[in-house]
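Q:
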Amino acid sequence: PRFFALVPAAGIGERSGAGMPKQYVDIAGKPMLAHTLAALAAVPRVAHTLVVLSPDDDRFEAALPHHQGWVARVGGGSRAESVLGGLAELRRRGATDDDWVLVHDAARCLLRPEWVDALIDACADDAVGGLLAQPIADTLKAGDAEGRVTATVDRRDKWAAQTPQMFRLGLVERALTAMGAAATDEASAVEALGLAPRLVRASMANFKVTWPEDFALAAHLLETK
Ligand code: C5P
Numbered sequence: 004p005r006f007f008a009l010v011p012a013a014g015i016g017e018r019s020g021a022g023m024p025k026q027y028v029d030i031a032g033k034p035m036l037a038h039t040l041a042a043l044a045a046v047p048r049v050a051h052t053l054v055v056l057s058p059d060d061d062r063f064e065a066a067l068p069h070h071q072g073w074v075a076r077v078g079g080g081s082r083a084e085s086v087l088g089g090l091a092e093l094r095r096r097g098a099t100d101d102d103w104v105l106v107h108d109a110a111r112c113l114l115r116p117e118w119v120d121a122l123i124d125a126c127a128d129d130a131v132g133g134l135l136a137q138p139i140a141d142t143l144k145a146g147d148a149e150g151r152v153t154a155t156v157d158r159r160d161k162w163a164a165q166t167p168q169m170f171r172l173g174l175v176e177r178a179l180t181a182m183g184a185a186a187t188d189e190a191s192a193v194e195a196l197g198l199a200p201r202l203v204r205a206s207m208a209n210f211k212v213t214w215p216e217d218f219a220l221a222a223h224l225l226e227t228k
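Basically the UniProt record's numbering = 1-based index in the sequence shown + 3.
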């Protein structure tokens, strides 16, 4: 089997307050998406990376003028639909059920090639697949609409799910088709089939740039790496 990466980049990034899709915001001299793609391109075992854009994206060519890799304008209204569109495009380009697909958020631009290698090493012989993740260090609270604590949640077995998430094409396609837009990641859809993806520890630095204050932190980490 081969390894493909699939980067859903069709979101609008509402929470970022950036006024444009956040993957195009300049961070440390390059659009966020360019950092993300550079990290994946630095993993020799990844045969190709497919970027999934919204059909009405009008910024990609100007933001990444030298991009040579695979791009498909098949994004949908949810992350799961964007990924499903990308999986169908990978099939059109020759990928088969048994090939591995590493789905990675465009917004995790701090990705390091060595974390991708660790994921592939841990999962390539696994029956299910797995994801990068980080054990929770903070004490976890549940809260209500008024911002008051309703419960303290046992953190001991909790992990923050990151990406890439790596599953065989046939499995992840079946899982996302069954779960639909409710799936906020690939692993949750695979879990709903009764399977247990492997958790592979990465780093808190593999965070998803989401909130306005995240851009400065990402820029600092990229400038000092
Ligand atoms: O919204 P969220 O931060 O969970 O998005 C995670 C990733 O999924 C982002 O890279 C975003 O661009 C992508 N996405 C997408 N299509 C959507 C929604 C999100 O490709 N409809």
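Think of the CB as a built atom: it goes at the ideal place given N, C-alpha and C, for glycine as much as any other residue.
Here the structure is a predicted model, which means the values were calculated and not measured.
If we require 3 or more residues per run, which beta strand (DSSP E) segments fall completely within the segment 41 to 86?
A: 49 to 55, 73 to 75
Q: Which residue spans inside the segment 191 to 216 form an unbroken beta strand (DSSP E) run of at least 3?
A: 201 to 204
Q: Residue 79: beta carbon under 7 Å from a heavy atom of the ligand C5P?
A: yes
Q: In whole angstroms, give me the CA-to-CA distance for residue 16 and residue 151.
A: 27 Å
Q: Please report the distance separating the alpha-carbon of residue 56 from that of residue 201.
A: 28 Å
Q: How do the segment 137 to 147 and the segment 107 to 124 stand: do at least 3 beta-carbon pairs fall below 8 Å, yes or no?
A: no
Q: Rounded to whole angstroms, what's the CA-CA distance from residue 54 to residue 78? Just pull it up for me.
A: 10 Å
Q: Using a threshold of 7 Å, is the CB atom of residue 28 nearer than that to any non-hydrogen atom of the ligand C5P?
A: In terms of side-chain proximity, the C-beta atom of residue 28 is found no nearer than 7 Å to any non-hydrogen atom of the ligand C5P.
Q: If you drop the 5 nearest sequence neighbours on each side, which residues of the same chain put their C-beta closer than 7 Å to that of residue 280?
A: The displayed coordinates of the chain run from 4 to 228. Any statement about residue 280 would go beyond what the structure contains.
Q: I need the straight-line Cα distance from residue 146 to residue 100, nearest angstrom please.
A: Straight-line measurement puts the Cα of residue 100 at about 42 Å from the Cα of residue 146.
Q: Is it buried or exposed for residue 204, if we count other Cβ within 10 angstroms and need 16 for buried?
A: exposed
Q: Spatial neighbours of residue 184 within its chain, please: CB distance less than 6 Å, with the 5 preceding and 5 following residues excluded, ordered by chain position.
A: 81, 83
Q: Counting along the chain, where does the beta strand (DSSP E) carrying residue 132 start and finish?
A: 132 to 138
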